[in-house]
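Chemist:
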Amino acid sequence: MQNNLIAGSWVQGPDAVDNINPSDLDDVIDSYARADAGQVNDAVAAAKAAFPAWSTGSIQARAGMLAAVAAEIMARKEELGELLAREEGKTKPEGIGEVMRAGQIFDFFAGEVVRQSGEKIASVRPGIDVEITREPLGVVGLITPWNFPIAIPAWKIAPALAYGNCVVIKPAEIAPGSAHALAEIIQRAGVPEGVFNLVMGKGSVVGEALVNHPDVAAISFTGSVETGKRIAANCAARLAKVQLEMGGKNPLVVLDDADLGTAVDCALNGAFFSTGQRCTASSRLVVQKGIHNAFVDALVEKMQALKVDNALLEGTQMGPVVDQSQLDQDLKYLDIGRDEGAKLAWGGERLNRATQGFYLQPALFTETDNAMRINQEEIFGPIASVIAVDDYDQALHVANDTAFGLSSGICTASLKHASHFKRHAQAGMVMVNLPTAGVDYHVPFGGRKGSSYGSREQGRYAAEFYTTVKTGYTLPL
Ligand code: NDP
């Protein structure tokens, strides 16, 4: 049994839930506590009590603790990567990669602790000094999804602590193991009692209690649009700061002059790696007519060769879907696509493997129209559509014709089109000759339109969310 971390102690919940391996439904990883609203209150109270000392204490000590977290994550990357692959279903190499990213994020923010600075500005009134500084917010609530169960907690926890806030985090209930392991590491690094708290359990109970708690100054959320909108409305009602990272319907444009091998590799990686369960996944492949047939043929050939199996087996290239409800959603969208008149060029079959799990062949629709639901709604599975276009202008129009705006990619040899696309793609991140997924850990992450709300995450831009600005005026006497 794995417990919640509240005020420096590991506390049982009133209830618990099994964490099941999606590659092998007979494999129960462990049982994880489910908190209730009372435990959320205890965690917030502990964080509030710890805030005065933590926010004004030694920044050298704070930097040292974050560096110690980074070092332990890195030293245990194999074991933590295996746990991640076992609970979420991405392949073990992908799991190890995600764990390393979490370590790098803690390392980056360990450095940021001692690089905090302000500005001194000339006053318009002679003799007065003006200073602009940043201060932490207080208690921050972090709500994270299952698809990056260690990297997303890391990219919210590390800046929150680095800038002097205290944290209460609620990870997704279906994959809490990696966040729990991270909590153990944070506690071992010597973070004082109450500064960091973990409350596991249901979003409708634990998440709601955290979002609506009057002592939580800010909420950072990653997940679905529906939940994000609800959280934003609740935060607005009590004037709490809020940051949302939500879905995507990311286009990868392939122009006639693209290098075919590069374009196919970008599509394969962007659409199907991590089982397509990435907010930056390339779910719409917007392909110019001259290269269309060669691109589809080459992509289908690579999809057929993709090894779909247990995430922990060596050689597996795509693991299972995360759970039954996500699988049902994927199968539902395969039916919707067929009903809308799209052609299923390949894939979409349920697969049986040596262990019972949620295995699904990657699927590619062709002859699709951008107005179809499969091209407008986030599916969040290994399913992509090809949309044929006549020219660059039409490709750009289709790429932007979506309610989302997270990541947008183009494969082309034309500097003119690449430059124009970088400027005019309505997305927070733009990729040229690269997959729409796969980003650096030290630069801003986030999108526009229905994909994001509030300030950017990661890199130095994280300070926008985790601090508040103070302008000080002094008349020296
Ligand atoms: P949710 O938005 O429901 O879950 C994200 C997090 O929010 C989880 O920790 C969840 O808790 C929590 N949560 C749920 N309801 C509330 C609430 N009322 N108040 C506060 N917190 C809440 O996404 P799902 O995991 O259910 O996935 C559904 C769909 O969302 C996916 O199919 C996909 O389309 C999209 N999604 C997008 C992601 C992205 O990165 N863009 C990531 C994950 C999902 P819990 O689940 O434990 O109950």
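The opening residue of the sequence shown carries number 1053 in the working numbering; numbering runs sequentially from there.
Ideal placement from N, C-alpha and C gives every residue a C-beta, glycine not left out.
Only a predicted model underlies this, so the values are computations on that prediction, with no experimental measurement involved.
(1) What does DSSP give as the partner residue(s) for Lys1522 in the beta ladder?
(2) Alpha carbons only, please: which of Ala1137, Leu1136, Ala1154, Glu1134 is nearest the one belonging to Glu1124?
(3) Out of Phe1410, Phe1324, Val1482, Glu1401, which one is the CA nearest neighbour of Asp1076?
(4) Ignoring anything shorter than 3 residues, give me the beta strand (DSSP E) runs that lie fully in the region 1269–1302, in order along the chain.
(5) Would you list the one or two residues that DSSP bridges to Leu1194?
(6) Which term fits Thr1108, buried or exposed, when burial requires 16 or more other beta carbons within 10 angstroms of its beta carbon?
(7) Look at Asp1067 and Ser1083 and say whether their C-beta atoms are less than 7 Å apart.
(8) Using a Cβ-Cβ cutoff of less than 8 Å, which residues in the same chain neighbour Val1166 once the five nearest sequence positions on both sides are dropped?
(9) Grab me the residues of Gly1498's own chain with a C-beta within less than 7 Å of its C-beta, minus the 5 sequence neighbours each way, in chain order.
(10) For Thr1407, which residues in the same chain have their Cβ closer than 7 Å to its Cβ, ignoring the five residues on either side in sequence?
(11) If you draw a straight line from the alpha carbon of Val1338 to that of Gly1190, how long is it in whole angstroms?
(12) By DSSP's criteria, Trp1207 is part of a beta bridge. Which residues make up the other side?
(13) Is Asn1199 near the ligand NDP, judged by its Cβ being under 6 Å from some heavy atom?
(14) Could you tell me if Ser1437 is buried or exposed, where buried requires 16 or more neighbouring beta carbons within 10 angstroms of its beta carbon?
(15) On the criterion of 16 or more Cβ atoms from any shown chain inside 10 Å, does Glu1146 qualify as buried, or is it exposed?
(16) Is the distance from the Cβ of Phe1273 to the Cβ of Ala1214 below 7 Å?
(17) Using three-state DSSP, classify Leu1337 as helix, strand or coil.
(18) From the DSSP output, read off the bridge partner residues of Leu1001.
(19) In chain order, what residues of the same chain have a beta carbon less than 6 Å from the beta carbon of Thr1185, not counting five sequence neighbours either side?
(20) Is Glu1509 near the ligand NDP, with its Cβ less than 6 Å from a heavy atom?
(21) May I ask you to list the residues that DSSP assigns as paired with Ala1068?
(22) Measuring CA to CA, which of Gln1428, Pro1201, Glu1236 is closest to Ser1334?
(23) Compute the distance between the beta-carbons of Arg1138 and Ile1081, then report whether it is under 7 Å.
(24) Starting from Gln1054, follow its DSSP beta bridges and name the residues at the other end.
(25) Quick check on Ala1212 - is its C-beta less than 7 Å from some C-beta in chain C?
(26) Ile1271: beta carbon under 6 Å from a heavy atom of the ligand NDP?
(27) If contacts are defined as beta-carbon pairs under 8 Å, then Gly1065 and Asn1056 qualify, I think. What distance do you get, rounded to the angstrom?
(28) Kindly identify the DSSP beta-bridge partner or partners of Lys1172.
(29) Can you tell me whether His1265 is buried or exposed? The criterion is at least 16 other CB atoms within 10 Å of its CB, across all chains shown.
(30) Are there any heavy atoms of the ligand NDP lying less than 6 Å away from the beta-carbon of Glu1225, as far as the coordinates show?
(31) Should the region 1312–1319 be called in touch with the region 1466–1475, which here means at least 3 C-beta pairs below 8 Å?
(32) So for Leu1077, helix, strand or coil by DSSP?
(33) In terms of residue numbering, what span does the beta strand (DSSP E) encompassing Ile1462 cover?
(34) Taking contact to mean 3 or more Cβ pairs, one atom from each stretch, closer than 8 Å, check whether the region 1441–1458 and the region 1388–1406 are in contact.
(35) Quick check on the DSSP output: the beta strand (DSSP E) that includes Met1483 runs from which residue to which?
(36) Quick one: residues in its chain with C-beta nearer than 6 Å to the C-beta of Gly1229, no 5 flanking neighbours on either side, listed in chain order?
Modeler: With the given structure in hand:
(1) Thr1185
(2) Ala1154
(3) Phe1410
(4) 1270–1274, 1293–1297
(5) Ile1221, Ser1272
(6) exposed
(7) no
(8) Ile1111, Gln1112, Ala1115
(9) Glu1297, Gly1480, Ser1504, Arg1508, Glu1509
(10) Ser1075, Asp1076, Asn1362
(11) 45 Å
(12) Answer is none; Trp1207 lacks a bridge partner.
(13) yes
(14) buried
(15) buried
(16) no
(17) strand
(18) Lying before the first or after the last residue shown, residue 1001 is absent from the chain, which here runs from 1053 to 1529.
(19) Gly1170, Lys1522
(20) no
(21) Ala1085
(22) Gln1428
(23) yes
(24) Tyr1084
(25) Here chain C cannot be found, since the structure has a single protein chain.
(26) no
(27) 6 Å
(28) Glu1183
(29) buried
(30) yes
(31) no
(32) strand
(33) 1459–1463
(34) no
(35) 1481–1484
(36) Asn1071, Ile1081, Leu1135, Glu1139
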